[in-house]
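With the first letter of the sequence shown counted as 1, position 50 gets the number 508 in the numbering used here; the numbers rise by one all the way through.
The structure appears below as C-alpha cells.
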Amino acid sequence: MHLRAKKLTELLIDEIKVLIEADSLQPGDKIPTEQELMRIFKVSRTCVREALSVLRQEGIVDIIQGKGTFLKKHYTPLPNIDDPTSSGLAHFMESRKIIESSLARLAAKRASKTDLEALEDSLRTLEADGIDAFPEKVIQADLDFHYLLARSTGNPVLLHLLQEVDSHLQAGRSTTITFPQGRKKALEGHRRVLEALRKKDPDEAALQMTRHIEEIEKAQRFIAVLQTSPDKKRTE
459 MHLRAKKLTE LLIDEIKVLI EADSLQPGDK IPTEQELMRI FKVSRTCVRE
509 ALSVLRQEGI VDIIQGKGTF LKKHYTPLPN IDDPTSSGLA HFMESRKIIE
559 SSLARLAAKR ASKTDLEALE DSLRTLEADG IDAFPEKVIQ ADLDFHYLLA
609 RSTGNPVLLH LLQEVDSHLQ AGRSTTITFP QGRKKALEGH RRVLEALRKK
659 DPDEAALQMT RHIEEIEKAQ RFIAVLQTSP DKKRTE
C-alpha cells in the first residue's frame with residue numbers, strides 16, 4: 459500500500475509539471491489550487507499535498523500560507539513534445555491551423571459589423587465572472603468564436619471543413635480551455651484576432667489566428683504526454 463501511494467504521488471508530480479508547461483506559467487505565477495488539482499487529475503487532497511511538498515523541496519514552487527502556491531523556477535528536462543504521440547492528431551492540428559488562418563484572412567475582408575458584434579459577444583461570455591464554474595459554457599463560448607468567424611466568411615463549405623476537423627480535436631480542446639490558464643489564453647488569442655478583423659487587415663488576422671492555434675497546439679501536446687503516461691490509472 460505504501461509503495462502504491464508513493465507511485466501515485468510521483469506520477470502526480472510529473473503531471474503537475476506538464477500542467478505548468480501547458481499553461482506556460484512563469485516564475486512568480488500562481489499555480490492551480492489544491493481543489494483545482496484534485497479536479498484536474500482526479501486524485502485525493504492528501505496526494506496533492508504530498509506532491510506539492512516534494513515540489514517545494516525541489517525548489518520548484520513556493521507555498522505561502524493564505525495566498526497559495528507559486529512557481530519559483532522552471533525545471534529540466536521537459537517532456538519531448540516535438541514528437542507528437544499521435545501522427546493522426548498532429549495531422550488534424552496542422553489542418554486546423556491551415557483552415558482557421560485562411561478563415562481569418564477571409565473574415566478580415568468579408569465580416570460585417572453584425573458579425574464583429576457577434577464575435578465580441580462571444581468574448582464577453584468567455585470572460586464573464588463565474589463562468590469557470592461551468593466548464594461546458596467555457597467550451598461553448600470558445601467554439602462560438604471560431605464558428606462565428608467561419609460563418610462571417612460567407613462560405614459554408616469552409617465552415618463544414620472546420621467542423622469536421624474540429625470534431626477530432628474536441629477531447630484535447632475541452633481539456634486545454636478548462637485548464638486554469640486555458641480561458642485566459644483563449645481570450646487573449648481571440649482578442650488579437652478580433653482586433654485584426656476590425657482593422658480589416660487580412661495578413662494580421664491570419665498571423666494572429668496562426669499564433670493562437672500554435673499556442674493551443676503546444677498545450678495539447680503537453681497534455682497528450684500527460685494522458686498517454688504508461689501508468690495514468692489513479693486511485694484515491
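We treat Cβ as the ideally placed atom computed from N, Cα and C, and that holds for glycine.
V512, enclosing beta strand (DSSP E) - first and last residue
By one-based count along the sequence shown, residue 512 stands at place 54. Here V512 belongs to no beta strand (DSSP E); instead the alpha helix (DSSP H) covers R503 to Q515.
Quick test of your reading: R656 and V596, contact by CB under 8 Å. State the CB separation rounded to the nearest angstrom.
Stepping through the sequence shown from its first residue, residue 656 is reached at position 198. Stepping through the sequence shown from its first residue, residue 596 is reached at position 138. Their Cβ separation, rounded to whole angstroms, is 24 Å, which puts R656 and V596 out of contact at 8 Å.
Cβ of V615 within 7 Å of any chain B Cβ:
As a matter of chain content, chain B is missing from the structure shown, which is built from one protein chain.
Which residues does DSSP pair with G526 in a beta bridge?
Along the sequence shown, one-based indexing puts residue 526 at 68. DSSP, once it has assigned bridges, lists I522 as partnering G526.
Hey, could you find the ends of the alpha helix (DSSP H) D590 is sitting in?
For the purposes of this step, residue 590 is taken as residue 132 along the sequence shown, with counting starting at 1. Element bounds for D590: n/a, residue is neither H nor E.
Cα-Cα separation, E508 to H626:
In the sequence shown, residue 508 corresponds to position 50, counting from 1. In the sequence shown, residue 626 corresponds to position 168, counting from 1. Each residue's Cα considered, the two are about 36 Å apart.
So, at 6 Å on beta carbons, what are the nonlocal neighbours of A569 in its own chain, with the 5 sequence-adjacent residues on each side left out?
As a position in the sequence shown, residue 569 is number 111, starting the count at 1. Once the five neighbours on either side are set aside, the close Cβ partners of A569 are S610 and L655.
Kindly give me the distance between the Cβ atoms of V651 and R554, rounded to whole angstroms, as I take these residues to be in contact under 8 Å.
Looking up residue 651 in the sequence shown gives position 193. Looking up residue 554 in the sequence shown gives position 96. At roughly 14 Å, the Cβ-Cβ gap does not stay under 8 Å, so V651 and R554 are not in contact.
Does the distance from the C-beta atom of A599 to that of L617 stay below 7 Å?
On the sequence shown, position 141 is the one that residue 599 refers to. On the sequence shown, position 159 is the one that residue 617 refers to. Cβ distance not < 7 Å, so A599 and L617 don't count as in contact.
How big is the Cα-Cα spacing for V615 and L513?
Within the sequence shown, numbered from 1, the residue matching residue 615 stands at position 157. Within the sequence shown, numbered from 1, the residue matching residue 513 stands at position 55. C-alpha separation (whole angstroms): 49 Å.
Pairs of beta-carbons, one from the stretch 657–673 and one from the stretch 571–581, closer than 8 Å: are there three or more?
no
Spatial neighbours of L581 in its chain, beta-carbon cut-off 6 Å, leaving aside the 5 residues before and after
Taking the first residue of the sequence shown as 1, we reach residue 581 at position 123. H648.
Can you give the Cα-Cα distance for L620 and E672, rounded to whole angstroms?
Position 162 of the sequence shown holds residue 620. Position 214 of the sequence shown holds residue 672. Rounded to whole angstroms, L620 to E672 spans 16 Å at the Cα level.
Residues near N613 in its chain [Cβ-Cβ closer than 8 Å; skip 5 each side]
The residue you call residue 613 lines up with position 155 of the sequence shown. The answer, listed in chain order, is L564.
7 Å Cβ cutoff met for D659 and A562:
Position 201 of the sequence shown holds residue 659. Position 104 of the sequence shown holds residue 562. Against a cut-off of 7 Å, the Cβ pair of A562 and D659 comes out as no contact.
Mind checking whether L606 and A576 have CB atoms under 7 Å apart?
For the purposes of this step, residue 606 is taken as the residue at position 148 of the sequence shown. For the purposes of this step, residue 576 is taken as the residue at position 118 of the sequence shown. Result yes, Cβ atoms of L606 and A576 sit closer than 7 Å.
If you drop the 5 nearest sequence neighbours on each side, which residues of the same chain put their C-beta closer than 7 Å to that of A644?
Taking the first residue of the sequence shown as 1, we reach residue 644 at position 186. So the qualifying residues of the chain are L584, D600 and I635.
Alpha carbon to alpha carbon, how far is Q639 from E646? Give it in angstroms, no decimals.
Within the sequence shown, numbered from 1, the residue matching residue 646 stands at position 188. Within the sequence shown, numbered from 1, the residue matching residue 639 stands at position 181. Near 11 Å, if we compare the C-alpha coordinates of Q639 and E646.
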